[in-house]
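In what follows, a single structure is set out as structure tokens and then discussed.
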Amino acid sequence: MESSIFNANTTPVLEQVVNFAQKRHSILATNIANQRVPGYKGRDLNVDRFQKVLAEAIEHKNNPNAPLSPGGLVKTKSGDPMREVRDSLNGILFHDESNLDIEKQVAELSKNQIMHNMALTILEDQFNLLNVAISERV
Amino acid sequence: MITSLDISTSGLIAQRERLTTISQNIANMSSLRDANNRLGPYRAKHVILETDNQMATTSGAAGVKVAEIRENDVEPRRRWEPNHPLAIKEGRWKGYVEYPNVDMTEQFVDALEATRAYESNVGVIEMTKNMTNQTLRILA
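Residue numbers (the working numbering), protein chains in the order written: chain C, 1 to 138; chain X, 1001 to 1140.
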């Protein structure tokens, strides 16, 4: 019972998703705050890369001797998708040499928020399940 | 998440500063003397913003700050008013009065833009609060 709940892929995966979404939120908030700074270029975290690394980590987890831990994702400094900030939105370059599409930024923020809340809701459900299991036993 | 709040707050402060400057420009659009009673039309001011790395995180998020407030160097508007007590007495512009170089259209468009930018920062703060609430629900 214990192993099936704690060792399930989902909890650590969801934790990573929440972590990533929170980091990305602060980057996107930076874009909104800096929208009127001349020459400011929009920044973003690489979602595709994060999902690829996460998928690889889940695959890796199927190997029983290698648990999915944050070590595979967060603690490695180089190539860590949570630190890899890049210029985003190669769109129109405005007269002040900034390239921020405010609509796109807000849309990205909303998507990010939905992803964050979705992951948390699933996580919460799992903990509720765990609570039920514990209370049944007592 | 707390950093996101700080970043959005820096955005709010920067945009409010812009609005204050615009209000000042509009309020002074007829000022012919400065605060020290020296003759000379008021000059429109512009707020220059820049990225503030002071609250930068490892993942590259950063705030915004007011770098400087610069005066507009456009020539003042001159109106032919020879009977005005402050009319220019001699030279090429004799009989003209110099008025501030505040362009109303420009100021209003700027004000509207600053308001929208302020609102979008408030929106981000709402999102941050929502996400933090959701995260804290795990503890409940």
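Just so you know, even glycine gets a beta-carbon here, dropped at the ideal spot from N, CA and C.
With a CB to CB cut of under 6 angstroms and the five nearest residues on each side skipped, what residues in its chain are close to residue i?
i         : result
C:Gly71   : With a pLDDT of 49 at C:Gly71, under the threshold of 50, the predicted position of this residue should be treated as unreliable, though the coordinate-derived value follows. No residues qualify anywhere along the chain.
X:Ser1030 : none
C:Lys77   : Reliability fails at C:Lys77, whose pLDDT of 46 lies under 50, so the model's placement of it is uncertain and the value that follows must be treated cautiously. Result list for C:Lys77: empty, nothing under 6 angstroms.
X:Gly1060 : none
Measuring only between beta-carbons, confirm whether residue i sits less than 8 angstroms from chain C.
i         : result
X:Ser1008 : yes
X:Arg1016 : no
X:Ala1044 : no
X:Asn1130 : yes
X:Gly1123 : yes
X:Gly1011 : yes
X:Gln958  : The displayed coordinates of chain X run from 1001 to 1140. Any statement about residue 958 of chain X would go beyond what the structure contains.
Considering only the alpha carbon of each residue, which of the options lies closest to residue i?
i         : options                                    : result
X:Leu1032 : X:Val1102, X:Ala1067, X:Gly1123            : X:Val1102
X:His1046 : X:Thr1132, X:Arg1137, X:Ser1120, X:Ala1111 : X:Ala1111
X:Glu1119 : C:Val17, C:Gln16, C:Ile32, C:Arg24         : C:Ile32
X:Asn1053 : X:Glu1113, X:Arg1116, X:Ser1010            : X:Ser1010
C:Met115  : X:Leu1005, X:Met1131, X:Gln1107, X:Glu1081 : X:Met1131
C:Val37   : X:Thr1020, X:Ala1014, X:Ser1023, X:Ala1056 : X:Ala1014
X:Lys1094 : X:Met1104, X:Ile1026, X:Arg1079, X:Met1127 : X:Arg1079
X:Thr1003 : X:Asn1133, X:Thr1135, X:Ile1125            : X:Ile1125
X:Ala1027 : X:Tyr1042, X:Asn1036, X:Asn1121, X:Arg1038 : X:Tyr1042
C:Leu54   : C:Thr10, C:Gly39, C:Ala133                 : C:Thr10
Can you confirm whether residue i, when its beta carbon is compared against all beta carbons of chain X, has any partner nearer than 8 angstroms?
i        : result
C:Phe127 : yes
C:Asn32  : Checking the sequence, you will find Ile at residue 32 of chain C rather than Asn. Chain X, which has a Cβ nearer than 8 angstroms to the Cβ of C:Ile32, makes this yes.
C:Ala133 : no
C:Leu45  : yes
C:Val18  : yes
C:Gln35  : yes
C:Val85  : yes
For residue i, which residues in chain X fall below 8 angstroms Cβ to Cβ?
i       : result
C:Thr11 : What C:Thr11 touches in chain X: nothing, since even the nearest Cβ is about 11 angstroms away.
Taking 7 angstroms as the limit between beta carbons, can you name the residues of its chain near residue i, skipping five residues before and five after?
i         : result
C:Leu14   : Ala119, Ile122, Leu123
X:Asn1025 : Ala1044, Lys1045, Val1102, Gln1107
List, in chain order, every chain C residue whose beta-carbon is nearer than 8 angstroms to that of residue i.
i         : result
X:Ile1138 : Leu120, Leu123, Glu124, Phe127
X:Met1127 : His25, Leu109, Ser110, Gln113
List the residues of chain X whose Cβ lies closer than 7 angstroms to the Cβ of residue i, in chain order.
i       : result
C:Lys23 : Ser1059
Taking residue i as the query, report the chain C residues whose CB atoms sit under 7 angstroms from its CB, ordered along the chain.
i         : result
X:Ser1004 : His25, Ser26, Ala29
What residues from chain C crowd round residue i, counting only those whose CB sits closer than 9 angstroms?
i         : result
X:Met1001 : Gln22, His25, Ser26
X:Thr1021 : Near X:Thr1021 there are no residues of chain C at all, since even the closest Cβ is about 13 angstroms away, more than 9 angstroms.
- [ ] Determine which residues of the segment 1048 to 1073 of chain X have a Cβ less than 7 angstroms from any Cβ of chain C, and write them out in chain order.
- [x] So the list reads Leu1049, Glu1050, Thr1051, Thr1057, Thr1058, Ser1059, Gly1060, Ala1061, Ala1062, Gly1063, Val1064, given in the order they occur along the chain.
- [ ] Note down, in chain order, all residues in the segment 1104 to 1120 of chain X with a beta-carbon under 7 angstroms from any beta-carbon belonging to chain C.
- [x] From the segment 1104 to 1120 of chain X, only Ala1117, Ser1120 have a Cβ closer than 7 angstroms to chain C.
Open item on the list: Which residues of the segment 94 to 126 of chain C have a Cβ closer than 9 angstroms to any Cβ of chain X? Give them in chain order.
Closed with: Ile102, Gln105, Val106, Leu109, Ser110, Asn112, Gln113, His116, Asn117, Leu120, Thr121, Leu123, Glu124: these are the residues of the segment 94 to 126 of chain C whose beta carbon lies less than 9 angstroms from some beta carbon of chain X, given in chain order.
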